[in-house]
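Encoded as structure tokens, the structure appears first; notes follow it.
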Amino acid sequence: MRFAPPLRVMLALCSLLATAAPAAFAAGPLTSGTVVSGTIAGPTFTETWTFSGSNGQRVLISAVTTSGAPNTSIVLRAPGGTVTWNSSADRLDFQLTANGTWTVEISDVGLNDAGGYSIGFVNLTIGPYTSGGDLDGGAIVSAEIKTGSNAAIGDFDVFTFSGTAGQRIAFAAVETSAASYNTVITIYPPGGGNFEASVNSNRLDHQLLATGTYTAVVEDFANDHTGTYTLSYLNVTAGPFTIAGDLDGGPIASNEIKTGTVSGVGDMDAFTFSGTSGQRVLFVGVATGGAMNSQLWLYPAGGGPPIYISTADRADVQLNATGTWTALIEDAANDQGGNYSVSFMNVSAGPFTSVGDLDGGAIVSAEIKTGNNTGIGDIDAFTFSGVAGQRIAFAAVETSAASYNTVVTIYPPGGGNFEASVNSNRLDHQLLATGTYTAVVEDFANDHTGTYTLSYLNVTAGPFTIAGDLDGGPIASNEIKTGTVSGVGDMDAFTFSGTTGQRVLFVDVATGGAMNSQLWLYPAGGGPPIYVSSADRADVQLNATGTWTALIEDAANDQGGSYSVSFMNVSAGPFTSVGDLDGGAIVSAEIKTGNNTGIGDIDAFTFSGTAGQRIAFAAVETSAASYNTVITIYPPGGGNFEASVNSNRLDHQLLATGTYTAVVEDFANDHTGTYTLSYLNVTAGPFTIAGDLDGGPIASNEIKTGTVSGVGDMDAFTFSGTSGQRVLFVGVATGGAMNSQLWLYPAGGGPPIYVSSADRADVQLNATGTWTALIEDAANDESGSYSVSLMNVSAGPHTSGGDLDGGAIVSGGTRLGNNTGVGDFDAYTFTGTLGQRVVFSAVETSAASYNTVVTIYPPGGGNFEASVNSNRLDHQLLATGTYTAVVEDFAGDHTGTYNLAFVNVTTGIFTSATDPNGGVVTSGAARSGSISPIGDLDVYSFHGTSGQTAQIGAVTTSGLLNTEIWIYPPGGGPATVATSTDNVSYPLTATGYHMVMIEDAGLNDTGNYNFTLSGTLTNVDIPEGPIALLDPIRVVMRPPFPNPFARDAALTYSLPARLPVRMRIFDLQGALVRTLVDGMIEPGVRTASWDGSNDRGERMVSGVYFAELTAGGETVRHKLVRMR
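In mature numbering (1 follows the signal peptide of the UniProt record, and there is no 0), the protein residues as written are -26 to -1, 1 to 1098.
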């Protein structure tokens, strides 16, 4: 085994034996500084060597096998023969304990092997250290480099130097030959004491413990290899630091850069500077050429250990001692050479500038300075005053080659560690202390040079302007200011007062140059920015009370340009100013015009609202296309906007109660233009205003006209409705360029259930209360006149004083009607049962431009079941209850008259007092009939059995009538025959009542006809005439329908036999008003109709009347109410 020198000593001392040596043979004397060879001739052979020594001296002896197999053992005998050392460790390190001749015995440790060995000897205390054949060793001085060779196995090279207790010394002993050779360096103190330090890592760093002449020993780690080395020595504390031939090193001042060369293996260059405990210093050592990897050691005054060791090129430390400090630069492995640059900056005390480098010194807020990191490792330091809590911003922007990359670092007063450091050109920081700070600008890796621009701003305290750059300072709500980012790194700051919770808008837009504007918004009190963006617009809620700062700069701080900034306190205003009066309060139904007069102009309008209300705004551009309005709604209390659109129109349900703010601005805030702003509270109104009375309540069956008077005008009409009801609302443009658009809003502020420019809303209400229908131009940029109409299909009223068309209609009835105004709805109600088949004809009797549509709505408010604009609707009912048939113009934009006919094909009634054509017929029947008026429908019913054949004829006898035959099977199914052939042979496929409908083929002509029915048919015991008696044995009269009524009331009755019938109308005093029926009437169900007039044709007043039926000795009365 081989051991490092300290371990060898310990093992040797622990293995001392007092045994007698084997047979010894004298080999001769040992001389200090020499290596000789010996031989162990046999297994028990011992060679004896002698040397003279004195008590206290330190000697080193090595005995290393060079041939054969012996494991050498060293026995050291004092004068007199006492064994003082016995070990197989190959190396003896011993302080002599007596004066005289000492004996060294070398043998095989097991006394069983023979071979050759090499023995080296040196007296460290008195020498000599060199000999004629080995001159390596002797005196060495600080900053000196020597080369040497451990030329033989076991060779010790000894170098002496003077030192004082407490001094720090550094040695490097670097192998310059084969890898198997590994140097060890050991330091021995004056006086022969044990070594103070020993390393086999090439470099020894040590604080001396004594004063006098020290000895440094260089040897192979195991003393069994030879090789060459380079030894360098530096007294770090006392120097000297330079020597003839190597002048690199010596004093260096703050803000100074020096260059030097690590000239070869082991070279160490040391630079000294004065420093005081607590000061902050920067020391940079950067390799600039060769293969070296620079390593920096920073040693304090007084000889203490280094406080910094690194290959990171840069030491940033706070001094912990006062006096002369030493910075040592070398190759990290001490085996390469190269050039370097070192620089030093005392951050705490300076100086910060020097004759050759004036970059640095004091800088004040809003100031911009240019500088130059002129050499590798150059450090430029700028000082400024600050107070704890203040927010500061620095920009250090490269203005030269891309390889140069600035870093800015902020150091506090008092020498503490840096508070902030960035290499992104811009530093933003809240100060932690009060006093003089230092901002250091350097290259990121300290290995490139370049120019830069440095700008500084105290965001909290200012000043914000400086002679030559007056951009910045206070800005008020609704104010616009322009400025210029005058060059690289320029930062302009604007201040405003704000309170926690307020909502503010701040816009900054580049208006010229190459700059990309970026905005930083800083709170009162020095906190971090709550907004940082190059999006041009900050929309924030303030989180502090006091003076806020908005900072504008180029996003990369490397371009200049002009800009416009604007500020609006959305919560507190003011919203207008002397030069810009756009904004302020706006009320529902009001229209205002405005102008975004400058780049970034913000116009703010306030209105009162309640949570849940629905509001609508239109902000329409009235100038150049490049200008594009955005409207944004802010709630009370400073919260985030509730809604924002750039589509000219905003529709929103309010989330809070209080004063809201609507902001109008350009979409990108980079164009100016004029606009029209209109506002409507859809839920609460008001809906009209002085100068624009269009809008307000509208009733079912009512038509109103109005005018969209200009850009953005919105007219709102309100009506009451119940959830589930079906309503129709029409809004039709009647003049101007407007394209009418309809919005239908529910009670309660919910979103519209209908939005369309189709002119007609057909909807089922989903809420109960007051609904709002809003009409406007689809793009809000045109004006014109319009007509609006409402029909509550489910609940009516279906008629009104000015429009009596509509109301109840019974099967077999015919009505003359008139769509009297644009958008007019005429609604007729009838009773039906699921599965029944009904047919309506609605035939125009006026100008061709008028085109009727008939639509059938079921009970319960559901969607229409059928709709046609072909004059004739044929439909099987899907529900039971009261249906509504609506007659209107196809596009809702024309007026005209029409004839309406209705028949329940399945159950009748097929005849009426004014149209007796139709009813039950049997085989062999021949009837004369008349189609009159236009659209008349005559229905005949016969009974037959499946398999029988009916012969049916309908032949025109006069007029332009072109008879058409429709045959319907029992049960309400669709027609199985529809033909204009006069005679039809019809095989029956079902048993029951079959219906034959006779009408004009085009529903547009009238005339007389003959109807015939023949064939072997199964007749039942029901006389010809209307079917479905209400009671087979008694006279029955149904209640009038509708009741109350405005135009016509249907009075339906049923006769079990042919009877004399009288039906009359009486007033409340019992006076006869009108006789409706007086004569013999065939059995069946009949209907009489009272139109509200007396026997003289005079219209009766509104009030209560009685309808009385007398037949077969029975009298039935019903009350009915007439309304006008």
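Quick reminder that beta carbons are idealized off the backbone N, C-alpha and C, glycines included.
Model, not experiment: these values are computed from the prediction.
Give the DSSP-derived three-state secondary structure of Pro387 in the structure shown. Position 413 of the sequence shown, counted from the first residue, corresponds to residue 387. Coil, per DSSP.
Do the CB positions of Ile114 and Thr134 come within less than 9 Å of each other? Looking up residue 114 in the sequence shown gives position 140. Looking up residue 134 in the sequence shown gives position 160. In terms of Cβ geometry, Ile114 and Thr134 form a close pair [threshold 9 Å].
Out of Phe326, Ala125 and Leu98, which one is the CA nearest neighbour of Asp108? As a position in the sequence shown, residue 108 is number 134, starting the count at 1. When only C-alpha atoms are compared, the closest one is Ala125.
Return helix, strand or coil for Asn570, following the three-state DSSP convention. Mapped onto the sequence shown, residue 570 falls at position 596. In the three-state reduction of the DSSP assignment, Asn570 falls in the strand class, which pools E and B.
Range of the contiguous beta strand (DSSP E) that encloses Tyr282: In the sequence shown, counting from the first residue as 1, residue 282 sits at position 308. That run of the beta strand (DSSP E) goes Tyr282 to Ser284.
Reducing DSSP to helix, strand and coil, say where Phe215 ends up. Taking the first residue of the sequence shown as position 1, residue 215 is located at position 241. In the three-state reduction of the DSSP assignment, Phe215 falls in the coil class, being assigned neither a helical nor a strand state.
Quick check: Val459 and Thr373, are their CB atoms within less than 9 Å of each other? Position 485 of the sequence shown, counted from the first residue, corresponds to residue 459. Position 399 of the sequence shown, counted from the first residue, corresponds to residue 373. No, these two residues do not count as a Cβ contact at 9 Å.
Taking 8 Å as the cut-off, does the CB of Leu1050 come closer than this to any heavy atom belonging to the ligand SAM? Looking at this structure, you won't find the ligand SAM or any other ligand, since it has none at all.
So, do the stretch 304 to 313 and the stretch 409 to 419 have three or more beta carbon pairs nearer to each other than 8 Å? Proximity of the stretch 304 to 313 to the stretch 409 to 419 falls short of the contact definition, fewer than three beta-carbon pairs being nearer than 8 Å.
At what residues does the beta strand (DSSP E) containing Asn543 begin and finish? For the purposes of this step, residue 543 is taken as residue 569 along the sequence shown, with counting starting at 1. That run of the beta strand (DSSP E) goes Gly535 to Asn543.
For Glu230, collect the residues of the same chain with a Cβ closer than 8 Å to its Cβ; drop the 5 residues on either side in sequence, then sort them by chain order. Translated into the one-based positions of the sequence shown, residue 230 becomes position 256. For Glu230, where only same-chain residues beyond five positions count, the Cβ hits under 8 Å are Ser317, Phe318 and Ser328.
Taking Ser491 as part of the beta strand (DSSP E), name the residues at either end of that continuous run. As a first step, residue 491 must be located in the sequence shown, where it is residue number 517. Per DSSP, Ser491 is one residue of the beta strand (DSSP E) stretching across Ser491 to Tyr496.
Straight-line gap, Pro1013 to Ala801 (C-alpha atoms, nearest Å): Counted from its first residue, the sequence shown places residue 1013 at position 1039. Counted from its first residue, the sequence shown places residue 801 at position 827. In a straight line, the C-alpha of Pro1013 is about 21 Å away from that of Ala801.
Nearest-angstrom Cα distance between Ser823 and His868? For the purposes of this step, residue 823 is taken as the residue at position 849 of the sequence shown. For the purposes of this step, residue 868 is taken as the residue at position 894 of the sequence shown. Distance between the alpha carbons of Ser823 and His868 is about 7 Å.
The beta strand (DSSP E) that contains Arg901, what's its start and end? The count along the sequence shown starts at 1 and reaches residue 901 at position 927. Run containing Arg901: Ala900 to Ile905, per the beta strand (DSSP E) assignment.
By DSSP, does Arg511 sit in helix, in strand, or in coil? Working through the sequence shown from its first residue, we reach residue 511 at position 537. Under the three-state reduction of DSSP output, Arg511 falls in the strand class.
Quickly, what does DSSP pair Val173 with across the bridge? List them, please. Along the sequence shown, one-based indexing puts residue 173 at 199. Residue pairing from DSSP places Val173 in a beta bridge opposite Ile159.
Whole-Å CB distance - Thr39 paired with Gly89, under 8 Å assumed: The residue given as residue 39 occupies position 65 in the sequence shown. The residue given as residue 89 occupies position 115 in the sequence shown. 6 Å between Cβ atoms; contact.
CB-CB under 7 Å to Asn978, same chain, minus the five flanking residues each way: which ones, in chain order? Counting from one through the sequence shown, the residue named residue 978 turns up at place 1004. Answer for Asn978: Val817 and Ile908, listed in chain order.
Helix, strand or coil for Ser768? Go by DSSP, reduced to three states. If you number the sequence shown from 1, residue 768 lands on position 794. Residue state, collapsed to three classes: coil.
His199, DSSP secondary structure in three states: For the purposes of this step, residue 199 is taken as the residue at position 225 of the sequence shown. Look at His199 here: in three-state DSSP terms it is coil, with no helix or strand label.
Buried versus exposed call for Thr773 [16 or more other C-beta atoms within 10 Å across all chains shown]: Sequence index remark: in the sequence shown, residue 773 carries index 799 (1-based). Counting Cβ neighbours within 10 Å, Thr773 comes out buried, since at least 16 surround it.
With distance defined between alpha-carbon atoms, name the residue in Pro1034, Leu654, Gly775 and Phe615 nearest to Arg477. Looking up residue 477 in the sequence shown gives position 503. Selected option, being the one with the closest Cα: Phe615.
Gly670 to Val861, Cα distance in whole Å? The residue given as residue 670 occupies position 696 in the sequence shown. The residue given as residue 861 occupies position 887 in the sequence shown. As the crow flies, the alpha-carbon of Gly670 is around 26 Å from that of Val861.
Spell out the partners DSSP gives Arg288 in its beta bridges. What you label residue 288 is simply residue 314 of the sequence shown in a count that begins at 1. Bridge partners of Arg288 according to DSSP: Val258.
Residue nearest to Val291 in terms of C-alpha spacing, selected from Val637, Gly389 and Gly106: Translated into positions along the sequence shown, residue 291 becomes position 317. The candidate whose alpha carbon is nearest that of Val291 is Gly389.
Using the C-alpha atoms, what's the distance from Thr805 back to Thr854? Reading the sequence shown from its first residue, position 880 is the one you call residue 854. Reading the sequence shown from its first residue, position 831 is the one you call residue 805. Per the coordinates, the alpha-carbon of Thr854 lies some 8 Å from the alpha-carbon of Thr805.
Mind checking which residues open and close the beta strand (DSSP E) that includes Glu79? For this step, residue 79 is matched to residue 105 along the sequence shown. For Glu79, the enclosing beta strand (DSSP E) starts and ends at Gly74 to Asp82.
For Ile350, count neighbouring C-beta atoms within 10 Å of its own C-beta (all shown protein chains included) and say buried if the count is 16 or more, exposed if not. Residue mapping note: residue 350 aligns to position 376 of the sequence shown, counting from 1. Buried, because 16 or more other Cβ atoms sit within 10 Å of the Cβ of Ile350.
Nearest candidate by alpha-carbon position, reference Thr157, set Leu406, Gln69 and Asp129: Position 183 of the sequence shown, counted from the start, is the residue given in the question as residue 157. Taking only the C-alpha atoms, the option nearest Thr157 is Asp129.
Can you tell me where the beta strand (DSSP E) with Pro1034 in it begins and where it stops? Numbered from 1 along the sequence shown, position 1060 holds the residue referred to as residue 1034. Per DSSP, the continuous beta strand (DSSP E) segment holding Pro1034 begins and ends at Leu1033 to Asp1041.
Quick one: is Gln627 buried, meaning 16 or more other Cβ sit within 10 Å of its Cβ, or exposed? On the sequence shown, position 653 is the one that residue 627 refers to. By the 16-neighbour rule on beta-carbons within 10 angstroms, Gln627 is buried.
With DSSP run on the structure shown, which of helix, strand or coil describes Ile93? In the sequence shown, residue 93 corresponds to position 119, counting from 1. Note: Ile93 maps to strand in three-state DSSP.
Between which residues of its own chain and Gly981 is the CB-CB distance below 7 Å, once the five residues before and five after are set aside? Counting from one through the sequence shown, the residue named residue 981 turns up at place 1007. In its chain, beyond the 5 residues on either side, Ile905, Thr930, Ser932, Gly933, Leu934 and Leu935 have a beta carbon closer than 7 Å to the beta carbon of Gly981.
Please report the distance separating the alpha-carbon of Ser507 from that of Ser228. Reading the sequence shown from its first residue, position 533 is the one you call residue 507. Reading the sequence shown from its first residue, position 254 is the one you call residue 228. About 39 Å.
Go ahead and label Ala900 buried or exposed: buried means 16 or more other beta carbons lie within 10 angstroms of its beta carbon, across all protein chains shown. As a first step, residue 900 is located in the sequence shown; it is residue number 926 there, counting from the start. Looking at its Cβ environment, which holds fewer than 16 other Cβ atoms inside 10 Å, Ala900 is exposed.
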